[in-house]
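Heads up, the thing below is written out as structure tokens.
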Amino acid sequence: MKTIHFVGAGSGAADLITLRGKQQLEEADIIIYAGSLVNPELLNYAKESCEIFNSAKMTLEEVLDVMLRGTKEDKQIVRLHTGDPCLYGAIREQMDVLDREGIPYDYTPGVSSFCGAASALNLEYTLPDISQSVIITRMAGRTPVPEKESIESFAAHNATMVVFLSTGLLEELSERLIAGGYTADTPAAIVYKATWDDEKSFICTVGTLAETARKNNITKTALMIIGNVVGCTNYDRSKLYDPGFTTEFREATR
Numbered sequence: 352m353k354t355i356h357f358v359g360a361g362s363g364a365a366d367l368i369t370l371r372g373k374q375q376l377e378e379a380d381i382i383i384y385a386g387s388l389v390n391p392e393l394l395n396y397a398k399e400s401c402e403i404f405n406s407a408k409m410t411l412e413e414v415l416d417v418m419l420r421g422t423k424e425d426k427q428i429v430r431l432h433t434g435d436p437c438l439y440g441a442i443r444e445q446m447d448v449l450d451r452e453g454i455p456y457d458y459t460p461g462v463s464s465f466c467g468a469a470s471a472l473n474l475e476y477t478l479p480d481i482s483q484s485v486i487i488t489r490m491a492g493r494t495p496v497p498e499k500e501s502i503e504s505f506a507a508h509n510a511t512m513v514v515f516l517s518t519g520l521l522e523e524l525s526e527r528l529i530a531g532g533y534t535a536d537t538p539a540a541i542v543y544k545a546t547w548d549d550e551k552s553f554i555c556t557v558g559t560l561a562e563t564a565r566k567n568n569i570t571k572t573a574l575m576i577i578g579n580v581v582g583c584t585n586y587d588r589s590k591l592y593d594p595g596f597t598t599e600f601r602e603a604t605r
């Protein structure tokens, strides 16, 4: 029985898929891809005979039917998810069914869009003395978020925050960030379609998130980055490369 490959497509650009992921696409007999978010250029890696399914138009049951049918036919299957599937990828529910059916699978990680967003801004999320933690979260919309994971509770830390799946809720997001502890003038950024050809990025503040999105017609497919690392130039130097700091590999020289 062939192993089903769950593959992270990367953040957008077709050449940001891993070498392993590319090889798995090239060898696949069936590809089920998240069509609403995955760059269709990645399908150019598929062989001519490959069956391709767009899961944006499918239910979980329909996706699993394709997997189960393909496995019975001894087909090599790739389930291609956006970014890295561990973030908002809905992979566990697929894996649980495969476990029950005794079907082997593995998981090839990808470059998450939160990494792509940082590259769009030449940003380091973890600047010394500014922030050493990154909170990845989303607003509650049609899909709920556990009450204990409210935006306000996370905002109280004033750490770097990356907010997924919330572009249509920016006025509420700003209100809740401020209620939790960020100030209205805390630096923020909106990155639209990170690493795609039509990528756009905008520096703003917590208080101007909604206004910035509205002025630039950003309504979906964007990440919001909150925190003092955005545009920061006043931070402590890293100890790792400090000549006065001893590490396992070198002695301090002063």
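Count along the sequence shown starting at 1, add 351, and that's the number in the numbering used here. All C-beta atoms in this analysis are idealised placements derived from N, C-alpha and C, irrespective of residue type, glycine included. Keep in mind that this is a model prediction, so the values were computed, not measured.
Could you check the C-alpha separation between residue i and residue j for me, to the nearest Å?
i    : j    : result
A441 : T598 : 41 Å
N585 : P594 : 20 Å
M352 : D425 : 6 Å
P460 : T546 : 17 Å
I428 : S387 : 20 Å
S378 : V414 : As written in the sequence, residue 378 is Glu, which differs from the Ser given in the question. So the two alpha carbons sit approximately 19 Å from each other.
L367 : F357 : 16 Å
P391 : D416 : 23 Å
E550 : S464 : 12 Å
V542 : K566 : 14 Å
I554 : S484 : 20 Å
E292 : C466 : Given a span of 352 to 605 for the chain in the structure shown, any question on residue 292 remains unanswerable.
A385 : D587 : 41 Å
N509 : V557 : 12 Å
E602 : D480 : 23 Å
With C-beta atoms as the reference, is residue i less than 8 Å away from residue j?
i    : j    : result
V580 : T511 : yes
G532 : A561 : no
I382 : L376 : yes
V514 : T488 : yes
L528 : I577 : yes
Y458 : A469 : no
L524 : I502 : yes
G359 : D450 : no
L478 : C583 : yes
D380 : E399 : no
A539 : M490 : no
L347 : L431 : In the structure as shown, the chain starts at 352 and stops at 605, and residue 347 therefore has no counterpart that could be examined.
Starting from residue i, trace the beta strand (DSSP E) both ways and give me its first and last residue.
i    : result
T511 : 511 to 515
F404 : 402 to 405
V496 : Taken as a continuous stretch (DSSP letters only), V496 belongs to no beta strand (DSSP E), as it is neither H nor E.
Just list the residues that DSSP pairs residue i with in beta bridges.
i    : result
T518 : Looking at the DSSP assignment, T518 forms no beta bridge with any residue, so it has no partner.
T354 : Answer is none; T354 lacks a bridge partner.
K551 : Y543
R430 : F357, I383
P538 : T556
E456 : A quick correction: the sequence has Tyr, not Glu, at residue 456. Looking at the DSSP assignment, Y456 forms a beta bridge with I355.
V485 : T511
Can you tell me where the alpha helix (DSSP H) holding residue i begins and where it ends?
i    : result
A573 : Counting along the chain, A573 falls outside any alpha helix (DSSP H), though it belongs to the beta strand (DSSP E) covering 573 to 577.
F465 : 464 to 472
K373 : 370 to 378
D416 : 411 to 423
Measuring from the CB of residue i, is there a heavy atom of the ligand SAH at a distance below 7 Å?
i    : result
D380 : Here there are no bound small molecules, and the ligand SAH is not part of this structure.
Inset, instruction - Please determine if the stretch 360 to 374 and the stretch 401 to 410 are in contact, where contact requires at least 3 C-beta pairs separated by less than 8 Å. - result: With the cut-off at 8 Å, the stretch 360 to 374 and the stretch 401 to 410 do not touch.
Inset, instruction - Examine the Cβ distances between the stretch 516 to 526 and the stretch 568 to 583 and report whether three or more of them are shorter than 8 Å. - result: The stretch 516 to 526 is in contact with the stretch 568 to 583.
Legend entry - Stretch pair the stretch 447 to 463 + the stretch 417 to 432: three plus CB contacts closer than 8 Å: The stretch 447 to 463, when compared against the stretch 417 to 432, does touch it at the 8 Å Cβ threshold.
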